[in-house]
Structure formats: structure tokens, C-alpha cells
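*Asks:*
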Amino acid sequence: MMDERNLNTHSEEEPLIEKSFPSSFGQFYMSQGFREKGIVSNDCGPTSLAMIINVILKQENIHNLSLRKENIIYQTHFSIWDRLPKTIPSVGGATAPWGLVSAFNQWMQKLGLPWSAERYNCANRALILEKIISGKFISALKIWKNGGAHWVNIIDFSAEDDMLYVLDPNPYLVHLPQSRRVQKESWEKFSNDWQRKSVWSTLLGLDRELVIYSRNL
0 MMDERNLNTH SEEEPLIEKS FPSSFGQFYM SQGFREKGIV SNDCGPTSLA MIINVILKQE
60 NIHNLSLRKE NIIYQTHFSI WDRLPKTIPS VGGATAPWGL VSAFNQWMQK LGLPWSAERY
120 NCANRALILE KIISGKFISA LKIWKNGGAH WVNIIDFSAE DDMLYVLDPN PYLVHLPQSR
180 RVQKESWEKF SNDWQRKSVW STLLGLDREL VIYSRNL
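Position 209 of the sequence shown, counted from 1, bears residue number 208 in numbering that gives the first Met the number 0, the numbering being contiguous throughout.
Structure follows, in C-alpha cells:
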């Protein structure tokens, strides 16, 4: 969402992508890219959303269309509160949870697909597990120790070994083979970042933020 400096360090009614092989989701990886002088861009929100939409397009058997972050950035109507203007130093391009929801729902309307997004504030582990089991996809907002923030997509959760499978727009992952671009992360590590608060997140009422994407029945 903003200041990405830390990056280098089944509902029976719904058709589902097979989730037994999370590494296959590596084909959907996209890099959020860099700004000038090797500084990571603040485009993690639009990039994460483009990846989710492309997963859904494949699930819906639409094979002749693929979105990129530029489609989300330039062909979505964002208000100033949805996505901060690029001209704002350091935080320009940061996308709020409600901005992701609005953008996704706009694109589903454009594409005529029966999906919708919903923001969940003050979410918890049980909700994540429930939604993953029922075939939903999730974007989660991490907050770094330095006050920056970063959107990632949760595509699977193994309760057996307490691990999350994450599709992360981190640009450094572009150097990995496709099969390794899905990151495996312990619940403890993920939750430390996801549950963290900063001054700005508290002022904005952001706390354990999720955006959950569901197919409408």
C-alpha cells in the first residue's frame, strides 16, 4: 500500500481452482515494479488485484484476457480516498482497503462476472481459514515495523502445519522460477505484520484488514 522498503529483506455451488497445489498459482505472479533509483513502487494494491482477477478469469474459463496493474491503475475510477495520487511524496499510489473493493467490483461489472469483493475490518485467523476452505480468495494488508504497508494475496492456508500460501507482488520474486513464486509463510510471521498497528493506520481505523473475493450464488 505504501512505503515498500521492507520487501527485499469450498462451497459446493462454486467452481474452484484446485488448491492442493499452491505452487501452480505462480503463473499468476506479477511484480509491482520499481519507481526511480530502484525504489519499490507503491503499486502493490493494483498489482495484487490484477493477480486475483486473472485467477478468477481462468476459473471462469476466460482464456483470452489478462489484466496488468496498469489496467487497474488507469482504467478504474479511484477517488482520492481510494488511492492516493502519485504526486504525494513517499505514499503516492497507496491503495486503501475500500479502494480495492471498489476497483474489483467495477471490473467485475465491466467483465460481466458474478463476483464481488467485501472489506473485513478486525478480522481473525478463523475467518481466513473459513473463507479459504469455502473457495474464496483474500487480499491482506501487512504493516511493516517502519510504518509502511503492503498488500498480498492469500491463496491457501494449511492448518496442519500452520502455514499460509501467499501470492505477493514483491518485485524481487521475479527472479525465481514460476513454481517458487508462491511464498510459504508461517502464521506467526504473517500475523505479526498483519496485526501490527501504526499511527496512521490507527487514525484511519485500519486493523487486521482483509478484502475477500466471493463468487455470487
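Note that beta-carbon positions come from the ideal geometry of N, C-alpha and C, so glycine has one too.
Remember, it's a predicted structure, so these values are computed and weren't measured experimentally.
Exposed or buried, which one is TRP193 when buried takes at least 16 other CB atoms within 10 Å?
*Replies:* Flag for TRP193 reads buried.
*Asks:* How far does the beta strand (DSSP E) with ASP81 in it extend, from its first residue to its last?
*Replies:* That residue, ASP81, is in no beta strand (DSSP E); it is neither H nor E in DSSP.
*Asks:* GLY92: buried (16+ other C-beta within 10 angstroms of its C-beta) or exposed?
*Replies:* Burial call: buried.
*Asks:* Who does ASN152 pair with in a DSSP beta bridge?
*Replies:* ASN152 pairs with SER138 and LEU166.
*Asks:* Can you list, in chain order, the residues of its chain whose CB lies under 7 Å from that of TYR119, leaving out five sequence neighbours each side?
*Replies:* Answer for TYR119: LEU126, LEU209 and ILE211, listed in chain order.
*Asks:* May I have the straight-line CA-CA distance separating TRP199 from ASN60, to the nearest angstrom?
*Replies:* So the two alpha carbons sit approximately 41 Å from each other.
*Asks:* Beta-carbon separation of VAL100 and ALA122 under 7 Å?
*Replies:* No, these two residues do not count as a Cβ contact at 7 Å.
*Asks:* Here's a check: name, in chain order, each residue in its chain whose Cβ is nearer than 6 Å to the Cβ of ARG82, leaving out the five neighbours to either side.
*Replies:* Cβ within range, chain order: THR94 and GLY98.
*Asks:* Which word fits PRO88, buried or exposed, when buried means at least 16 other C-beta atoms lie within 10 angstroms of its C-beta?
*Replies:* By the neighbour-count rule (16 or more Cβ atoms within 10 Å), PRO88 is not buried but exposed.
*Asks:* Exposed or buried, which one is LEU235 when buried takes at least 16 other CB atoms within 10 Å?
*Replies:* Since the first residue of the chain shown is 0 and the last is 216, residue 235 is not available in this structure.
*Asks:* Any idea what DSSP makes of TRP114, helix, strand or coil?
*Replies:* Note: TRP114 maps to strand in three-state DSSP.
*Asks:* Would you mind giving the Cβ-Cβ distance between ARG214 and PRO113, rounded to the nearest angstrom? I have them listed as a contact below 8 Å.
*Replies:* Contact flag correct, Cβ pair sits at about 6 Å.
*Asks:* Determine the burial state of TYR171: buried for a count of at least 16 other Cβ atoms within 10 Å of its Cβ, exposed for fewer.
*Replies:* Result: exposed.
*Asks:* Could you pull the start and end residues of the beta strand (DSSP E) that LYS36 belongs to?
*Replies:* LYS36 -> no beta strand (DSSP E), and no H or E assigned at all.
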